[in-house]
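These protein sequence lines map, in sequence, to chains A and B. With my numbering applied, the first sequence closes on residue 234, and no number is skipped along the way. With my numbering applied, the second sequence closes on residue 482, and no number is skipped along the way.
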Amino acid sequence: DTAVSQTPKYLVTQMGNDKSIKCEQNLGHDTMYWYKQDSKKFLKIMFSYNNKELIINETVPNRFSPKSPDKAHLNLHINSLELGDSAVYFCASSPAGGPYEQYFGPGTRLTVT
Amino acid sequence: GENVEQHPSTLSVQEGDSAVIKCTYSDSASNYFPWYKQELGKRPQLIIDIRSNVGEKKDQRIAVTLNKTAKHFSLHITETQPEDSAVYFCAPNSSGSARQLTFGSGTQLTVLP
Numbered sequence: 122d123t124a125v126s127q128t129p130k131y132l133v134t135q136m137g138n139d140k141s142i143k144c145e146q147n148l149g150h151d152t153m154y155w156y157k158q159d160s161k162k163f164l165k166i167m168f169s170y171n172n173k174e175l176i177i178n179e180t181v182p183n184r185f186s187p188k189s190p191d192k193a194h195l196n197l198h199i200n201s202l203e204l205g206d207s208a209v210y211f212c213a214s215s216p217a218g219g220p221y222e223q224y225f226g227p228g229t230r231l232t233v234t
Numbered sequence: 370g371e372n373v374e375q376h377p378s379t380l381s382v383q384e385g386d387s388a389v390i391k392c393t394y395s396d397s398a399s400n401y402f403p404w405y406k407q408e409l410g411k412r413p414q415l416i417i418d419i420r421s422n423v424g425e426k427k428d429q430r431i432a433v434t435l436n437k438t439a440k441h442f443s444l445h446i447t448e449t450q451p452e453d454s455a456v457y458f459c460a461p462n463s464s465g466s467a468r469q470l471t472f473g474s475g476t477q478l479t480v481l482p
């Protein structure tokens, strides 16, 4: 059974478009995250979210917004895509009351042309 | 936020040799010290972690040692094998909040046959 899943796996789009990446976890975790991994492999946290609190990394442009329809899902919506948004985006989850191990999704490779 | 430095950035060893990767952090409140392994094209996965009340932990060929006074912890891999080739990340933290979650810059380990 897949613990943390993401769709799509690959996303190619043009500058200026709006796109979403979906994330689902079946681990019963309370906290979910979005990470961006650039071409140099730097792994940078963008958001953490549980049913009580959204924490936004202050360096993330407001074109990025997480949306959580329920505890098992945390989608990432990106407006007005730019070339610099090209990266691999990972969703992750962990139990609340941490810190604990983070379980990562398979990643979504976003390419903006 | 936490300042995390990871060294070396690249490491090549002969199969069967040992490898050591060091992670230095700044936040004295950090109490959880994980190491993640990311194989090419895959998601990061936890390989070993340690909490601040323990100085060393071993799991077969891998070990983590912690020096809280000096604020650093290290990953040790003995009898390296080609399948150990990957990028390794440290991620010291004290909570699950995005404000404190910082990954090291990664170490590309290559095990030469």
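Backbone N, C-alpha and C fix where the C-beta goes; we use that ideal spot for every residue, glycine too. Note that the coordinates shown come from a computational prediction; the quantities given were computed from them, not determined experimentally.
Residue-level contact to chain B via CB, E203(A), 8 Å cutoff: Not an interface residue.
What does N462(B) reach in chain A if we use C-beta pairs closer than 9 Å? Those are G219, P220, listed as they occur along chain A.
For N138(A), does the count of other Cβ atoms within 10 angstroms reach 16, so buried, or fall short, so exposed? Answer is exposed; the Cβ neighbour count stays below 16.
Compare the Cα-Cα distances from P461(B) to each of Q414(B), T476(B), Y394(B), S454(B) and report the closest residue. Here the closest residue by C-alpha is Y394(B).
Any C-beta of chain A under 8 Å from that of F458(B): With its beta carbon less than 8 Å from one in chain A, F458(B) belongs to the interface.
According to DSSP, is L444(B) helix, strand or coil? Judged by DSSP in its simplified three-state form, L444(B) adopts strand.
Rounded to a whole number of angstroms, what is the C-alpha to C-alpha distance between S464(B) and D396(B)? Computed Cα separation, rounded: 12 Å.
Report the three-state DSSP secondary structure of P187(A) (helix, strand or coil). The three-state reading of DSSP puts P187(A) in strand, counting E and B together.
Apply the 10 Å Cβ neighbour rule to M242(A) and answer buried if 16 or more other Cβ atoms are within range, or exposed otherwise. Absent from the model: residue 242(A). The displayed extent of chain A is 122 to 234, so no value can be given.
Which class does L415(B) belong to by DSSP, given the choice of helix, strand or coil? L415(B) falls in the strand class under three-state DSSP.
Identify whether L409(B) lies in helix, strand or coil by the three-state DSSP scheme. Assignment of L409(B) by DSSP, reduced to helix, strand and coil, places it in the coil class.
G385(B): buried (16+ other C-beta within 10 angstroms of its C-beta) or exposed? In this structure G385(B) is exposed. Its beta-carbon is surrounded by fewer than 16 other beta-carbon atoms within 10 angstroms.
For A455(B), which residues in the same chain have their Cβ closer than 7 Å to its Cβ, ignoring the five residues on either side in sequence? Contacts found: K406, Q407, E408, L478.
Just to confirm, is the Cβ distance from F185(A) to I176(A) under 8 Å? It is not a contact, given that the beta carbons lie outside the stated cut-off.
Simplified DSSP assignment, three categories, for L202(A): In this structure, L202(A) counts as coil in the three-state DSSP scheme.
Exposed unless 16 or more other CB atoms sit within 10 angstroms - verdict on M136(A): Taking all protein chains in view, the Cβ of M136(A) is surrounded by fewer than 16 other Cβ atoms within 10 Å, so the residue is classified as exposed.
May I ask which residues mark the beginning and end of the beta strand (DSSP E) holding V133(A)? For V133(A), the uninterrupted beta strand (DSSP E) segment begins and ends at 131-134.
Taking P482(B) as the query, report the chain A residues whose CB atoms sit under 8 Å from its CB, ordered along the chain. Per Cβ cutoff of 8 Å: no residues; P482(B) is ~23 Å from chain A at best.
CA-to-CA distance, W155(A) to A235(A), given in whole angstroms: What is shown of chain A runs 122 to 234, which leaves residue 235(A) out entirely.
When you check each C-beta in the region 418-434 of chain B against every C-beta of chain A, which residues fall closer than 8 Å? Going along the region 418-434 of chain B in chain order, one finds D418 with a Cβ nearer than 8 Å to chain A.
Taking C-beta pairs closer than 7 Å, name the residues in chain A that P403(B) reaches, listed in chain order. Near P403(B) (Cβ distances below 7 Å), the residues of chain A are E222.
Supposed close pair E451(B), P413(B) - CB separation, criterion 8 Å: For clarity, residue 451(B) is Pro in the given sequence; the question names Glu instead. That pair is no contact at about 20 Å.
Meets three-Cβ-pair contact criterion under 8 Å: the region 420-429 of chain B and the region 221-229 of chain A: Contact between the region 420-429 of chain B and the region 221-229 of chain A is absent, with fewer than three C-beta pairs closer than 8 Å.
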